[in-house]
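For the sequence shown, my numbering gives the first residue as 70, with consecutive numbering after it. Using N, Cα and C, we set each Cβ at its ideal position, and we do this for glycine too.
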Amino acid sequence: MKVRARESTDRVVGAVTGPVSAPDTLLLGRWDAEARFRMIARTTPLSATARWEVGAVLTAAGDDHPWHGVTFSAGWGTRMPLPHVPVEPALVAEVAADTSVNDAGRYRQPVKFLRLRDDIGPDSVAPLPLTGTGRWLRYGFVGRGLGVEGLRARRLAGVQEFGHAGGVWVLLEAGA
């Protein structure tokens, strides 16, 4: 028997397959610690209702989008390119995801779209963690009046703060 652990998580919508007005699937991303927007997941095909709901609020991105001109693989083990249209990374989607990710933080399996998170912005999605010592390090969000009360946060030597869209992410002590 095979048991898969799944989690509900929030990710930034960075591109779509199919038309922007009624996308077939979403390509989701996260910023890394160097402020690069990384593709980390593709959703399973959206339901008809979700296609119209999401398409109504998406905006196609310009040539300055980090994924403009980038080619993604259509699937694991294939070299076929995945046609996609970059969109403004302003929307957050809640997805159900298998907890299995590769070393780059990309989900190994497609994720299931649950809903749009209109109550939070992309700055609320934590950047990809660093793996320098082989241990995953946690990030905490401070800014917009939020503090780190209750978190044993400290600055680590040589680690920069990561600022993005109205907030600052600081690296927390591993295991804090």
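Check	Outcome
Whether T94 touches T112 by CB criterion (9 Å)	yes
Residue burial classification, I109 (beta-carbon count within 10 angstroms, cutoff 16)	buried
Per DSSP, cross-strand counterpart(s) of G129	The amino acid occupying residue 129 in the given sequence is Ala; Gly does not appear at that position. DSSP, once it has assigned bridges, lists V156 as partnering A129.
Top-ranked residue by Cα proximity to D101, from R80, A91, W121, V89	R80
Beta-carbon proximity of E255 to H134, cut-off 9 Å	Residue 255 cannot be examined here, being either before or after the span of the chain that is shown, 70 to 245.
Nearest to D192 (by Cα), restricted to the options P198, G87, L160	L160
Beta-carbon contacts of L115 that lie in its chain and below 8 Å, excluding the five residues immediately before and after	P92, D93, T94, L95, V123, F182
9 Å Cβ cutoff met for A104 and P155	no
Residue(s) in a DSSP beta bridge with T113	Note: T113 sits in no beta bridge, so no partner.
DSSP-derived helix/strand/coil call for R148	coil
Pairwise C-alpha distance: I189 and P150	32 Å
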